[in-house]
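Written below as structure tokens is the structure these notes are about.
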Amino acid sequence: MGSQIRLPNQSWVPGLNILRLTHSRRERLTFLALIAPNFILFGIFTFWPLIYNFYLSFTKWNMIAPTPTLIGLDNYATMIADPIFWKVLGNTLYLATGSIAIRLVLALALALVLNQKLAGRDIYRAIIFSPTFTTGAAVALVWTWILHKDLGLLRLPLNLLGIVSPNWLTDINWTIPALIIVTVWRGLGYDMVIFLAGLQGIPAELYEAARVDGAGRWSLFRHITLPMLSPITFFLIVTSIIGALQVFDLVAVMTGGGPMNSSKVYVYYVYENAFKFFKVGYAAALSMVLFLITLAITIFQTRLSRRWVHY
Amino acid sequence: MITAVQTSHLRVVAQRIASRLMSHSVLIFASVVIGLPFFWMISTSFKSDVEVGLFPPVWIPSELLWENYARVWTAAPFDMFYLNSIITTLAGLVLEVLVGAMSAYAFARIEFPHRDALFLVVLATMMIPGEMALVPNYLTLRNLGWINTHQGIVIPYVSSAFGCFLLRQAFLSIPQDLFDAARMDGAGHLRMLLSIALPITRPVVATFALFLFIAKWNAYLWPLIVTNTWNMRTLPIGLVMVREAEGTLGWQHVMAASLLVLLPVLVVFFLAQRQIIEGIARGAVKG
Chain A
1 MGSQIRLPNQ
11 SWVPGLNILR
21 LTHSRRERLT
31 FLALIAPNFI
41 LFGIFTFWPL
51 IYNFYLSFTK
61 WNMIAPTPTL
71 IGLDNYATMI
81 ADPIFWKVLG
91 NTLYLATGSI
101 AIRLVLALAL
111 ALVLNQKLAG
121 RDIYRAIIFS
131 PTFTTGAAVA
141 LVWTWILHKD
151 LGLLRLPLNL
161 LGIVSPNWLT
171 DINWTIPALI
181 IVTVWRGLGY
191 DMVIFLAGLQ
201 GIPAELYEAA
211 RVDGAGRWSL
221 FRHITLPMLS
231 PITFFLIVTS
241 IIGALQVFDL
251 VAVMTGGGPM
261 NSSKVYVYYV
271 YENAFKFFKV
281 GYAAALSMVL
291 FLITLAITIF
301 QTRLSRRWVH
311 Y
Chain B
1 MITAVQTSHL
11 RVVAQRIASR
21 LMSHSVLIFA
31 SVVIGLPFFW
41 MISTSFKSDV
51 EVGLFPPVWI
61 PSELLWENYA
71 RVWTAAPFDM
81 FYLNSIITTL
91 AGLVLEVLVG
101 AMSAYAFARI
111 EFPHRDALFL
121 VVLATMMIPG
131 EMALVPNYLT
141 LRNLGWINTH
151 QGIVIPYVSS
161 AFGCFLLRQA
171 FLSIPQDLFD
181 AARMDGAGHL
191 RMLLSIALPI
201 TRPVVATFAL
211 FLFIAKWNAY
221 LWPLIVTNTW
231 NMRTLPIGLV
241 MVREAEGTLG
251 WQHVMAASLL
261 VLLPVLVVFF
271 LAQRQIIEGI
281 ARGAVKG
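Going down the list, the sequences are from chains A and B. Its first residue numbered 1, the first sequence is counted upward by one per residue in this note's numbering. Its first residue numbered 1, the second sequence is counted upward by one per residue in this note's numbering.
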């Protein structure tokens with residue numbers, strides 16, 4: 001009943017409620033039957049894993065021994081002392097920040113250009129957006145070929161600038177930049193579309209009022225556009241950090257996390273521990289930390305965005 | 001005679017044209033750079049061994065070698081990969097839409113004690129990253145005997161918080177009169193869901209289905225974990241494994257195989273690009 005207060009468009013006729021009472025038992029059963037599939041699936045494949053993972057994170061197990069062995073907080077202690085864990089966190093952060101910074105600047109610039117009446121606007125938008133939903137595994141192979149040191153397409157512009165193409169995927173200093181290039185290519189269009197929606201949501205009166213006050217173009221951008229876009233920018237930053245924490249297929253296909261862990265990112269490390277090294281307990285502890293990081297970011301976002309709403 | 005007014009008018013027009021040209025050049029440049037990897041993939045897929053090895057590269061192959069595609073198709077059971085991808089994508093899509101729509105209808109249209117709290121439980125699942133369920137879900141499927149099966153790929157991913165949320169919003173916006181009229185005719189909730197709610201919200205349902213199609217087609221990590229034989233692999237997994245298993249494949253073959261995997265999503269995207277992009281812009285999809 002609580003929802004009736006929050007949702008004014010739901011217009012129950014008061015008289016109908018009396019009629020409904022006689023059906024209420026049947027109504028309740030119908031309700032339960034309709035939500036049952038979703039709830040049963042959530043129970044088995046979302047909530048149970050959370051609980052079971054929590055338990056596994058205090059155990060040592062290779063999935064072959066009949067039962068896990070309880071070892072207390074050892075996995076968490078191992079994690080703190082594990083240089084690869086910190087390396088992986090650092091890589092993830094490097095990938096996230098590097099790609100976000102470039103994406104945001106380019107996406108905003110393109111959104112500003114697209115935010116005017118132009119012939120072929122939809123076509124530009126579609127092409128720039130098109131990499132967003134492409135199959136990661138296939139795109140990873142295409143980029144492995146583009147980044148080929150001797151024959152790759154990327155060597156062409158680098159040659160023009162007089163730069164010798166690095167060994168993108170085998171030099172420890174260049175693996176993350178290579179992944180940044182791919183994630184920028186893939187994520188730019190998405191950010192642009194979100195920015196575009198944000199730009200279209202800024203009331204035109206704001207600009208008119210400022211123009212009357214004699215504000216120039218730069219001043220309009222600096223004092224109206226940017227502040228009005230701040231909630232969206234923040235949203236994009238948060239979603240890209242969470243996105244970077246979940247990168248898997250690009251790394252699995254392009255570098256396998258190597259060389260020397262230089263491109264190992266979080267989910268890849270979880271996968272590797274669970275399904276390659278069969279350190280199930282350690283993988284579970286890593287997953288718990290991933291969960292806590294995601295939760296912290298999400299709560300932080302909701303808190304802050306509540307304060308940031310300008311509309 | 002050109003008057004002062006006319007010159008200033010001309011200047012404005014000239015400025016506008018210059019700014020247009022500028023905008024178009026920026027956008028054309030961006031489109032070319034972003035589209036180039038696709039072009040490069042297609043161009044490479046038709047090249048001969050010799051042309052693949054040339055630098056600076058040949059943009060358009062002197063001869064279109066369709067046999068590169070035939071070579072890939074026979075290098076691995078690509079027909080099985082396709083079949084597995086189609087089965088798991090479509091089954092997953094239909095199930096997720098149904099599961100989502102049923103619960104969304106219940107939350108939007110049927111009263112129940114603590115309904116809002118239950119809905120919050122659904123929303124809360126969005127905060128749990130799917131990656132943390134890998135090991136427990138693998139073990140559950142092992143106990144069910146579902147490892148290396150289609151249902152093993154599909155079922156763990158058909159529960160839907162997002163679908164429930166999205167479709168509930170849509171169902172709430174349907175005028176109550178329609179349901180009252182149907183009720184007078186003796187329709188039950190299931191019939192109202194199937195004959196009123198879903199048809200009326202078809203654009204939302206279709207956009208949701210498009211996103212699901214793309215997401216399920218692209219899935220990599222989970223199908224990689226739950227399948228272990230060639231004949232159960234989906235396309236993205238098979239693609240990567242062909243390349244690893246077959247030492248003799250050249251880049252032209254790898255690109256041909258990549259295109260075979262990408263083509264369905266690219267076609268779906270370009271056919272429905274307006275709907276997909278506007279869905280994103282409306283905040284219809286979580287990033």
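Beta carbons are placed, not taken as given, at the ideal position from N, Cα and C, and that holds for glycine. Predicted, not measured: the structure shown is a model, and the values here were computed from it.
*asked:* If distances are taken between C-alpha atoms only, which option among Leu226/A, Tyr190/A and Ala210/A comes closest to Ala281/B?
replied: Tyr190/A
*Can you tell me which of Ile237/B, Gly247/B, Phe46/B and Phe38/B puts its alpha carbon nearest to the alpha carbon of Val267/B?*
When only C-alpha atoms are compared, the closest one is Phe38/B.
*Going by the beta-carbon positions, is the gap between Gln275/B and Thr207/B smaller than 7 angstroms?*
yes
*asked:* Quick check on Leu161/A: does DSSP put it in helix, strand or coil?
replied: coil
_With 16 other Cβ atoms within 10 Å as the buried cut-off, status of Phe119/B_ = Buried is the call here.
*Is the CB-CB distance between Ala107/A and Met228/A below 7 angstroms?*
no
*Can Asn323/B and Pro49/A be called in contact, C-beta distance under 7 angstroms?*
Outside the modelled stretch of chain B, which goes from 1 to 287, sits residue 323/B, for which no answer is possible.
*Flag this pair as touching only if the segment 46-64 of chain B and the segment 139-156 of chain A have three or more C-beta atom pairs under 8 angstroms; answer yes or no.*
yes
*What three-state label does DSSP hand Lys60/A in the structure shown?*
strand
*So, is the C-beta of Ser43/B closer than 7 angstroms to a C-beta in chain A?*
no
*Select from the segment 107-128 of chain A all residues with a C-beta closer than 9 angstroms to any C-beta belonging to chain B, and list them in chain order.*
Under the 9 angstroms Cβ criterion, the segment 107-128 of chain A contributes Ala109, Leu110, Val113, Leu114, Gln116, Leu118, Ala119, Gly120, Arg121, Asp122, Ile123, Tyr124, Arg125, Ala126, Ile127 and Ile128.
*According to DSSP, is Thr69/A helix, strand or coil?*
The answer is strand: DSSP assigns Thr69/A an E or B state.
*Return helix, strand or coil for Gly257/A, following the three-state DSSP convention.*
Here Gly257/A carries a coil assignment [DSSP, helix/strand/coil].
*asked:* Applying the 10 Å Cβ sphere with the 16-neighbour rule, what's the burial state of Leu161/A?
replied: With fewer than 16 Cβ atoms within 10 Å of its Cβ, Leu161/A is classed as exposed.
*So, is the C-beta of Asn84/B closer than 7 angstroms to a C-beta in chain A?*
It does not; no Cβ of chain A falls within 7 angstroms.
_CB-CB length for Ala111/A against Leu199/A, believed under 8 angstroms_ = 6 angstroms
*For the putative contact between Leu93/B and Ile225/B, defined by C-beta atoms under 8 angstroms, what is the C-beta separation to the nearest angstrom?*
21 angstroms between Cβ atoms; not a contact.
*Please state if the CB of Ile172/A and the CB of Met260/A are separated by a distance shorter than 7 angstroms.*
yes
_Within-7 angstroms CB hit, Pro37/A to chain B_ = yes
*Compare the C-beta of His150/B with all C-beta atoms of chain A and state if any pair is closer than 7 angstroms.*
When Cβ-Cβ separations below 7 angstroms define contact, His150/B makes no contact with chain A.
_Within chain D, partners of Arg25/A - CB distance below 8 angstroms_ = The question asks about chain D, but that chain is absent: this structure's protein chains are A and B.
*asked:* Would Leu73/A and Thr59/A be called neighbours here (beta carbons separated by less than 7 angstroms)?
replied: no
*Answer yes if the segment 110-124 of chain B comes into contact with the segment 282-289 of chain A, meaning at least three C-beta pairs across the two stretches below 8 angstroms, and no otherwise.*
No, they do not touch.
*Which first and last residues belong to the alpha helix (DSSP H) in which Glu278/B is found?*
Membership of Glu278/B in the alpha helix (DSSP H) is indicated by the continuous run Gln273 to Ala281.
*asked:* When you compare the CB positions of Tyr266/A and Thr92/A, do they come within less than 7 angstroms of one another, or not?
replied: yes
*asked:* Mapping the DSSP letters down to three states, classify Gln10/A as helix, strand or coil.
replied: Bear in mind that a pLDDT of 42 at Gln10/A, under 50, signals an unreliable position, so the number given afterwards is only what the model happens to contain. Gln10/A: coil per DSSP, three-state reduction.
_On the DSSP letters alone, give me the boundaries of the alpha helix (DSSP H) that Gly243/A sits inside._
Residue range Leu226 to Leu245 is occupied by the alpha helix (DSSP H) that includes Gly243/A.
*asked:* Taking the alpha carbon of Ile86/B as the reference point, which residue from Ala104/B, Glu246/B, Ser258/B and Leu235/B has its own alpha carbon closest?
replied: Considering only Ala104/B, Glu246/B, Ser258/B and Leu235/B, the residue with the shortest C-alpha distance to Ile86/B is Leu235/B.
*Under the three-state DSSP convention, the category Thr158/B falls into*: The sequence shown places Val at residue 158/B, rather than the Thr named in the question. Correct three-state label for Val158/B: coil.
_Euclidean distance between Cα positions of Ala197/B and Ile174/B_ = The alpha-carbon atoms of Ala197/B and Ile174/B are separated by roughly 7 angstroms.
*Output yes or no for whether 7 angstroms exceeds the beta carbon distance between Pro129/B and Phe45/A.*
no
*Could you give the distance in angstroms between the alpha-carbon of Leu221/B and the alpha-carbon of Asn84/B?*
15 angstroms
*In terms of alpha-carbon separation, which member of Arg125/A, Phe275/A and Leu169/A lies closest to Trp143/A?*
Measuring from the Cα of Trp143/A, the nearest candidate turns out to be Leu169/A.
*Cα-Cα separation between Gly35/B and Ala215/A, rounded to whole angstroms*: 38 angstroms
*Kindly indicate which three-state DSSP category Thr132/A falls into: helix, strand or coil?*
helix
_Under 8 angstroms (Cβ pairs) to chain B, residues found in the segment 42-55 of chain A_ = Phe42, Ile44, Phe45, Thr46, Phe47, Trp48, Pro49, Leu50, Tyr52 and Asn53
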